[in-house]
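Visitor:
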Amino acid sequence: MRLSGKGLIDTSRSLKFRFDGADYAGHPGDTLASALLANGVKLVGRSFKYHRPRGILTAGPEEPNALVEVLEEGQQTPNVRATVQELYEGLAAQSQNRWPSLRMDLLAVNDLAAPFLSAGFYYKTFMWPRAFWERLYEPAIRRAAGLGRLSGKHDEAVYEKAWAYCDLLVIGAGPAGLMAALTAARAGADVILADEGARMGGQLLSDRGMIDGQPAPDWVSHVLAELAALPNVRLMPRTAVTGAYDDGTFGALERVGLHLAPRADLPRECFWRIVAQRTILAAGALERPIAFRNNDRPGIMLASALRSYLNRYGVAAGQKVTIFANNDSARAAARDLHAAGVRIVALVDSRPDASQDEPFPVHAGAVVTGTSGRLALQSITIRHRDKDIRIETDCLGMSGGWNPTLHLTCHMNGRPTWNETLSAFVPTPGTVPGLTAVGAANGTFSTAGCLAEGATAARSILADLGRTAPDLSLPQAEDAAFALAPLWDVPAPKTLWGRSWLDFANDVTTKDVRLSAQEGFRSVEHMKRYTTQGMAPDQGKSSNVAALAVLADATGRAIPETGTTTFRPPYAPVSIAAMGAGGRGAGFAPQRFLTSDQASRDRGAPMIEAGLWYRPSYFPRPGETTWKEACDREVTMVRTAVGVADVSTLGKIDIQGRDAARFLDLVYTNTFSTLPVGRVRYGLMLREDGLVMDDGTTARLGEAHFLMTTTTAAAGQVMRHLDFVQQAFCAGWDVRTISVTESWAQFAVAGPLARRLLSSLLATPIDLPFMGYAPVRLGGVDARLFRISFSGEEGYEIAVPTRFGEALFRDLLARAETLGGGPYGMEALNVLRIEKGFITHAEIHGRVTAFDIGMEKMVSAKKDCIGKAAAQRPGLIGPDRQQLVGLSPVGAGVLTAGAHLFSKGAEATRVNSQGYVTSVGWSPTLNRWLGLGFLQNGRARHGEVIRLVDHLRGHDVLCEVSDPVFHDKEGVKLRG
Amino acid sequence: MRIPCPLCGLRDRREFYYYGSDDYLSRPEEGALPEAWDNYLHLRDNPAGVTRDLWYHESGCASWIAVTRNTTTHEILRAELVAGQDPAKPAGKGRRKAS
């Protein structure tokens, strides 16, 4: 029921919303929970296991009961806490885990079977037959026990991730956090103030107390206004700090648009990584329930929630309210309600010496022993001086004390410290470097104490950071003492049906915890897993301490001795979509595009990925229906006329310095110091363990200037390797390396008419020897011309600065086409190199040596090189090695890469495998399939017929072994 | 984790490529025994405590950095350029792993 003139909501405006198909209205500033309570809706969900009717327990993010599905266009977000969901016009939500309806849930039959459904029931019962577990029992149990459902559709919403840096991160914007932030902000420090709530102020928003003579919420507004105006402060409401990590790094989830009416310009959530020099944890404390019989009925909530709904939202959660507490703090709720005109029927205080000086009945030394009311609370039974008294009530506020929100202090292996006076765990200082806990999060519960601790912590941090603290006096505020007598579990006679709930979210009762101890699961970690206490979406925020207190009692140990379970990030649920923001589909990896990209797409070329690059697969011509037709035509075009291909993806590394040649001698197996200026040499590079790392050509552009090319795949690895060798082993040498891959666009021009094409382009006859290099001028631009070939034809590569790449590519294509040539793609490039027996990373895949690929003679005997020593190791040389061979089918067989090779008569089993196929292609030149592969002692077996078996695709083909070079073995065309 | 690059300052570890122990800096001389190479290539300590390993500031200045850190506390004690402050005397030279 809404009380007029109360609360911080804007009652001048009305917002319509829908819950379970019924229409309601609330106001801006409401949560779904407060709006439902204002409309008298108490029943909001069904419990996880027993399908018990449940209401709203809390007014904060720790809510275990009021989980709903929020419906948006095309989407359904499950397990949304109604206490966090802000109300907006048109909000639609529905209850979950009930069928057919919330009021009439057939699965509530589970509740009747409760005596049999204790902890471990499923494990014990559904043991046999074993096969039934997966197919029958588990699906059935999963259907019955559950939370919300997803829409099953892709989440098309936008998420973001972001980084932030600050001198001081303040977590929580209650009295302690605000005071800390204000102190540091006035000193000029960069401050981030993050708060989980939509509105900053923490407990002060639910408080009727005064700060410096003004109502607490007004003081909050003034401080926030000042902070918001400062350029060195970033206020982050709706941001839950979810984890503490190394070096002052914190994860935080900002609900940017998630809890607002859908807006196209807002991402749903943003996952922040905040790096802070210092951190103040002022996250407050969470009130804990008390376990007593049937303490889970709709209408039973935390005393602090009652107070929040009243003072912040102007809602009286009941008409005849009772309070059950073991401490002083719950009296504030009772007094506030009483002052607002709500009838307090009884305050039940478990402490016999509790004060009775209140304007409403107080039962000191009494406890609540039971409740009644199926869909809403109707009455409670209390035991007072050995007498049972039944009290009519529609709302019971309970308070078993407070647990500091210390989760973040335990994220780096820290353990909390037990405080006997508070009967609660408090943070252990120093468990997260640079983090100080203050205020209620540190076990200080009075407003004055929180303000003082926040200011003191900020001053100490400012001194650490070398800043002068501002002259800022502490505001006057309430400084009431807090006293409590531990009460976890109201003793009750043993019955079959009576249960007292600890973990509302996972339906774990005191009985389950005691059973766990009885069955030997005495460690708190075992109890947690056996009973599932603390494993629901709320992660036991309101039940963990009480559960371990009951366990301690059941095992006859003290609470500190029993210990806590491990606190792990995230503190609050984080959607995977937020953590992986931007990483869906094409956003998964960066994309690298060639300068010729558009020209290739203009010609209809399908693109294939090569690492991060996109390269044209083939260039279809009208009438061609398959990729193979285009590929065959392109291969023949290169062999008979001229083809143009963009080879800019190859790594290009510029190497300069007086010791550059000496450096190349060290990283390549062969010698480069003897390479004349204006010449290019093929080089082989090994890893230090003797296996082949990469190959490529290097040109000597000048006496002290080389240009190395790497394969596309290994460009990054080679760059890293060169930097390592240079910095680790030759730091004193005069040599420097830098990647220029992106600086040059480079095109292969290959075929018998290649020279003619280039002569027309450069307007001078080309006269470059095979493996020659010459600087050329092209339309007033300095370009580079290399005579190298990856196709086996007379081939050139011409490079221009990247910005001229597209123009040159289009020009080259136009000229090629007048000569009967054209562009060729990756498919043709691959066939051309297989015909010529050239290797790629399909062959040099990280497990082959120079010996294996027939290049051991390229490892110079006259000098050391990286990998040379290890390449001589036993086992890396000799007839047992699998060596590179060519394969041709005997007859009309098809070859497949990945197939294994066997001796002709041998059975095709793993132990008989003598090698494997790495690359295959249909050769239009030779009119048959060709393959490259590795075969044991292969070089001595040329001419032998062997068996190729592909178990996956079902091929079994006889092949003839040959030299890997199929086309133009003597290199006549290459050198011509 | 944040690594104090001697050239760029404190940077997030996502900018770095991890290689392995700083044993890689102690390359055996030409002609060393196979055991020395085996030790260099394959044999590594796995300390719970202080270790020194190599990181490459790949998305930064391209420096190789020897980082001394504690594997149990994640504390970073030192970060030095592998090339050394004096380019004539690389940090790696003269160090040999005890076998």
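So the sequence lines, in the order shown, correspond to chains Y and D.
The first sequence begins at 1 in our numbering and counts up by one.
The second sequence begins at 1 in our numbering and counts up by one.
Virtual Cβ for every residue (Gly too), placed ideally from N, Cα, C.
#1: Taking contact to mean 3 or more Cβ pairs, one atom from each stretch, closer than 8 Å, check whether the stretch 803-813 of chain Y and the stretch 888-897 of chain Y are in contact.
#2: Cα separation between GLY820 of chain Y and ARG592 of chain Y?
#3: Taking the continuous beta strand (DSSP E) assigned at ASN544 of chain Y, which residues delimit it?
#4: Counting Cβ pairs closer than 8 Å, one from the stretch 448-459 of chain Y and one from the stretch 415-432 of chain Y, do we hit at least three?
#5: For VAL233 of chain Y, I'd like the list of residues in its chain whose CB is within less than 6 Å of its CB, leaving aside the five on either flank, ordered along the chain.
#6: Within 8 Å, do at least three Cβ pairs link the stretch 498-506 of chain Y to the stretch 281-296 of chain Y?
#7: Pop quiz: SER372 of chain Y and ILE391 of chain Y are said to be a contact at Cβ under 8 Å. What is the actual Cβ separation, rounded to whole angstroms?
#8: Is the distance from the Cβ of ALA333 of chain Y to the Cβ of ALA303 of chain Y below 7 Å?
#9: Three-state secondary structure (DSSP) at LEU25 of chain D?
#10: So PRO298 of chain Y and LYS42 of chain Y are in contact, right, with Cβ under 8 Å, and what is the actual spacing, rounded?
#11: Chain Y partners of ALA83 of chain D, CB-CB under 7 Å?
#12: Thinking C-beta only, is PHE838 of chain Y closer than 7 Å to ILE798 of chain Y?
#13: Between the beta-carbon of ASN79 of chain Y and the beta-carbon of PRO537 of chain Y, is there less than 7 Å?
#14: Alpha carbon to alpha carbon, how far is GLY90 of chain Y from THR595 of chain Y? Give it in angstroms, no decimals.
#15: Closer than 7 Å, CB to CB, is GLU30 of chain D near chain Y or not?
#16: Measure the alpha-carbon distance for GLY938 of chain Y versus ILE788 of chain Y and round it to whole angstroms.
#17: For the stretch 351-399 of chain Y, list the beta strand (DSSP E) runs that are entirely contained and at least 3 residues long, ordered along the chain.
#18: If you follow the beta strand (DSSP E) that PRO801 of chain Y is in, where does it begin and where does it stop?
#19: Assign TYR309 of chain Y to one of two classes, buried (16 or more other C-beta atoms within 10 Å of its C-beta) or exposed (fewer than that).
#20: If you follow the beta strand (DSSP E) that MET236 of chain Y is part of, which residue opens it and which one closes it?
#21: Checking the sheet assignment: what are the DSSP bridge partners for ALA900 of chain Y?
#22: Judging by CA-CA distance, which residue of Y:LEU71, Y:GLY875, Y:PRO964 is the nearest neighbour of GLY854 of chain Y?
#23: Only counting the same chain, and skipping five residues up and downstream in sequence, which positions put a Cβ closer than 6 Å to that of SER21 of chain D?
#24: For LYS979 of chain Y, which residues does DSSP report across the bridge?
#25: Use the C-beta contact count for LYS541 of chain Y: other C-beta atoms within 10 angstroms, 16 or more gives buried, fewer gives exposed.
#26: Whole angstroms are fine: how far does the CA of ARG755 of chain Y sit from the CA of ILE766 of chain Y?
#27: Taking 6 Å as the limit between beta carbons, can you name the residues of its chain near ASP694 of chain Y, skipping five residues before and five after?
#28: Could you please give me the residues that DSSP links to PRO298 of chain Y through a beta bridge?
#29: Counting only beta-carbon atoms, is HIS74 of chain D nearer than 7 Å to chain Y?
#30: Which residues, in chain order, does the stretch 50-63 of chain D contribute to contact with chain Y at a C-beta distance below 9 Å?
#31: What residue range does the alpha helix (DSSP H) around THR654 of chain Y cover?
#32: Beta strand (DSSP E) containing PRO217 of chain Y: first to last residue?
#33: Which stretch, first to last residue, makes up the alpha helix (DSSP H) that contains ALA334 of chain Y?
#34: For chain D, find out if any of its Cβ atoms is closer than 7 Å to the Cβ of ARG720 of chain Y; answer yes or no.
#35: Taking the DSSP output, what are the residues bridged to HIS955 of chain Y?
#36: I want to verify the contact list: residues of chain D whose CB lies under 8 Å from the CB of ARG415 of chain Y, in sequence order.
Guide: Straight from the coordinates:
#1: no
#2: 31 Å
#3: Careful: ASN544 of chain Y lies outside any beta strand (DSSP E), inside the alpha helix (DSSP H) at 544-555.
#4: no
#5: ALA185, VAL191, LEU227
#6: yes
#7: With a Cβ gap of about 11 Å, SER372 of chain Y and ILE391 of chain Y do not count as contacting.
#8: yes
#9: helix
#10: 4 Å
#11: GLN727, ALA731
#12: no
#13: yes
#14: 49 Å
#15: yes
#16: 28 Å
#17: 362-364, 367-372, 379-384, 387-392, 395-399
#18: 795-801
#19: buried
#20: 233-236
#21: The identity of residue 900 of chain Y in the sequence shown is His, whereas the question assumes Ala. Beta-bridge pairing links HIS900 of chain Y to Y:TYR916, Y:VAL949.
#22: Y:PRO964
#23: ARG44, ASP53
#24: For chain Y, the structure presents residues 1 to 976; residue 979 of chain Y sits outside this window and is missing.
#25: buried
#26: 6 Å
#27: MET685, THR710, THR711, ALA714, VAL718
#28: In DSSP, PRO298 of chain Y forms no bridge with anything.
#29: yes
#30: LEU54, TYR56, GLU58, ALA62, SER63
#31: Rather than Thr, the amino acid found at residue 654 of chain Y in this sequence is Asp. Counting along the chain, ASP654 of chain Y falls outside any alpha helix (DSSP H), though it belongs to the beta strand (DSSP E) covering 651-656.
#32: Premise fails: PRO217 of chain Y lies in the alpha helix (DSSP H), 216-229, not in any beta strand (DSSP E).
#33: 330-339
#34: yes
#35: Y:ASP950
#36: Chain D residues near ARG415 of chain Y: none, gap ~16 Å exceeds 8 Å.
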